[in-house]
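Take a look at the structure set out below.
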Amino acid sequence: MSICAYCDNECSPSREHIIPDFLYRYQKGDGGHMGWNESAQKIVSGEAKIKDVCKPCNNGPLSDLDSYGKRFLTNAGVFIENFLLERRTVQYEYSSLLRWLLKISFNSARASRNKPKVLERYKAFILNGEDEARVLNEVFLFAGLVKPARFSNKEVEDYSDQLPISEDGLSNPFFVRLSWVPESSKSYIIRSVVIGGLVFHLMVFERELKIGFRRVHSRRWLKANKGMKLMSSSKSVITLNQTNRSFLDYINMQLMRENHFEAANKLLTRGLK
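According to numbering that gives the first Met the number 0, the residues represented by the sequence shown are 0 to 272, in order.
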């Protein structure tokens, strides 16, 4: 018997998608997808799963959160081929959105064995919203729009059969990326979640840090990340703006890592033979 990663009960574990399967299906239909498995140190192209969740959790509250995530993203309009909007007004239910983003982040961190303890303390909140007031004071949620990349005429010619590119040479294809953001602060850690044209930053603070200092850090983060906005738990509508980072910037955060670059190069070389 195993222990469920969420409810801590003994169970015969079921397989939980790290990224919800509806995102895999959409991304695959939009041209394929490629991810980096931190634990295995290799590139994966299938639907990554982790087998440490009981069926009641997997088919119950976690499935409900995925349903909310799908409704939110559909209403936000990110399931389009080439997201070029400079701003977008979206509706949200703050607690459900935060729980869902923490859920997929916790899944990814466990699968990659990359700082899962940072998010483990929120698993009761993810499951049933437990201790919401404390969590909302510890985790700040920022959001914005991924900036389209502008391609040269030569790049348009080279990549037009691989990427959606507008007549103006702009491209912002649908992809999903989850990663920790490199940051030197001892007061917090940042989780980045990119889904299509949307980018979220989850700023997870140390519990001992006073609320006043958390607000100071959040203002500094907004100043350093142009276009991002702090989402409010007391509101249900926000107008998001383009940030200063494109989808290429987020991809490069992974591709420039030595092991990832080497594996990607081998994969591409095999594909050319």
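Even for Gly, the Cβ is constructed at its ideal location relative to N, Cα and C.
Let me know if residue i comes out buried or exposed under the rule of 16 or more other beta-carbons within 10 Å of its beta-carbon.
{"i": "Ala223", "result": "exposed"}
{"i": "Leu271", "result": "Residue confidence for Leu271 is low, a pLDDT of 35 falling below 50, so the modelled location carries little weight; the figure read from the coordinates is stated next. By the neighbour-count rule (16 or more Cβ atoms within 10 Å), Leu271 is not buried but exposed."}
{"i": "Lys153", "result": "exposed"}
{"i": "Arg178", "result": "At residue 178 the sequence reads Ser, which differs from the Arg that was named. Buried: at least 16 other Cβ atoms inside 10 Å."}
{"i": "Lys146", "result": "buried"}
{"i": "Pro12", "result": "buried"}
{"i": "Val292", "result": "Nothing in the structure corresponds to residue 292, since the chain is present only between 0 and 272."}
{"i": "Ile194", "result": "buried"}
{"i": "Thr242", "result": "buried"}
{"i": "Gln26", "result": "buried"}
{"i": "Tyr5", "result": "buried"}
{"i": "Ser104", "result": "buried"}
{"i": "Arg24", "result": "exposed"}
{"i": "Met0", "result": "exposed"}
{"i": "Arg219", "result": "exposed"}
{"i": "Gln40", "result": "Note that Gln40 has pLDDT 45, beneath the 50 cutoff, so the model's placement of it is unreliable and no number is given."}
{"i": "Lys274", "result": "Nothing about residue 274 can be read from this structure; the chain reaches only from 0 to 272."}
{"i": "Ile2", "result": "exposed"}
{"i": "Lys122", "result": "buried"}
{"i": "Lys185", "result": "exposed"}
{"i": "His206", "result": "Before going further, note that residue 206 is Arg rather than His in the sequence given. It counts as exposed."}
Helix, strand or coil: how does DSSP classify residue i here?
{"i": "His259", "result": "Only weak support exists for where His259 lies, its pLDDT of 41 falling under 50; the value from the coordinates is given anyway. DSSP places His259 in helix when its eight states are reduced to three."}
{"i": "Glu119", "result": "helix"}
{"i": "Gly143", "result": "strand"}
{"i": "Ile2", "result": "strand"}
{"i": "Ser233", "result": "coil"}
{"i": "Glu154", "result": "helix"}
{"i": "Val77", "result": "coil"}
{"i": "His164", "result": "Correcting the residue type first, residue 164 is Ile in the shown sequence and not His. Ile164: coil per DSSP, three-state reduction."}
{"i": "Asp51", "result": "strand"}
{"i": "Glu9", "result": "strand"}
{"i": "Arg149", "result": "strand"}
{"i": "Ser191", "result": "strand"}
{"i": "Gly31", "result": "Its pLDDT being 45, under 50, Gly31 is placed unreliably by the model, and the measurement read from it follows with that caveat. Reduced to three states, the DSSP call for Gly31 is coil."}
{"i": "Arg244", "result": "strand"}
{"i": "Lys228", "result": "strand"}
{"i": "Ser66", "result": "helix"}
{"i": "Ser38", "result": "Residue confidence for Ser38 is low, a pLDDT of 46 falling below 50, so the modelled location carries little weight; the figure read from the coordinates is stated next. Coil."}
Could you tell me the boundaries of the alpha helix (DSSP H) in which residue i lies?
{"i": "Glu361", "result": "As displayed, the chain neither begins before 0 nor continues past 272, which places residue 361 out of reach and without an answer."}
{"i": "Leu221", "result": "Ile210 to Ala223"}
Tell me the residue span of the beta strand (DSSP E) that contains residue i.
{"i": "Ile18", "result": "Note, Ile18: premise wrong, no beta strand (DSSP E); not H, not E."}
{"i": "Arg176", "result": "Val175 to Val180"}
Compute the minimum distance between the beta carbon of residue i and the heavy atoms of the ligand COA, and state whether it is under 7 Å.
{"i": "Phe139", "result": "Absence of the ligand COA is noted for the structure shown, with no ligands found whatsoever."}
Taking 8 Å as the cut-off, does the region 195 to 203 touch the region 124 to 143 (at least 3 CB pairs, one atom from each stretch)? Because the criterion of three Cβ pairs below 8 Å is met, the region 124 to 143 and the region 195 to 203 touch.
For the region 119 to 135 and the region 84 to 101, state whether three or more C-beta atom pairs, one from each stretch, are separated by less than 8 Å. Counting Cβ pairs under 8 Å, three or more are found: they touch.
Pairs of beta-carbons, one from the region 46 to 66 and one from the region 14 to 28, closer than 8 Å: are there three or more? Three or more beta-carbon pairs separated by less than 8 Å link the region 46 to 66 to the region 14 to 28, which places the two stretches in contact.
Closer than 8 Å is the cut-off here; do at least three beta carbon pairs connect the region 163 to 171 with the region 106 to 125? Here the region 163 to 171 makes no contact with the region 106 to 125; the two share fewer than three CB pairs at distances below 8 Å.
Just to confirm the assignment: which complete alpha helix (DSSP H) runs, minimum length 4, are found wholly within the region 79 to 122? The qualifying runs are 93 to 111 and 115 to 119.
Does the count of Cβ pairs from the region 230 to 237 and the region 206 to 213 closer than 8 Å reach three? They do not touch, by the three-pair rule.
Is the region 72 to 86 touching the region 97 to 111, taking contact as three or more C-beta pairs under 8 Å? Cβ pair count under 8 Å is below three, so no.
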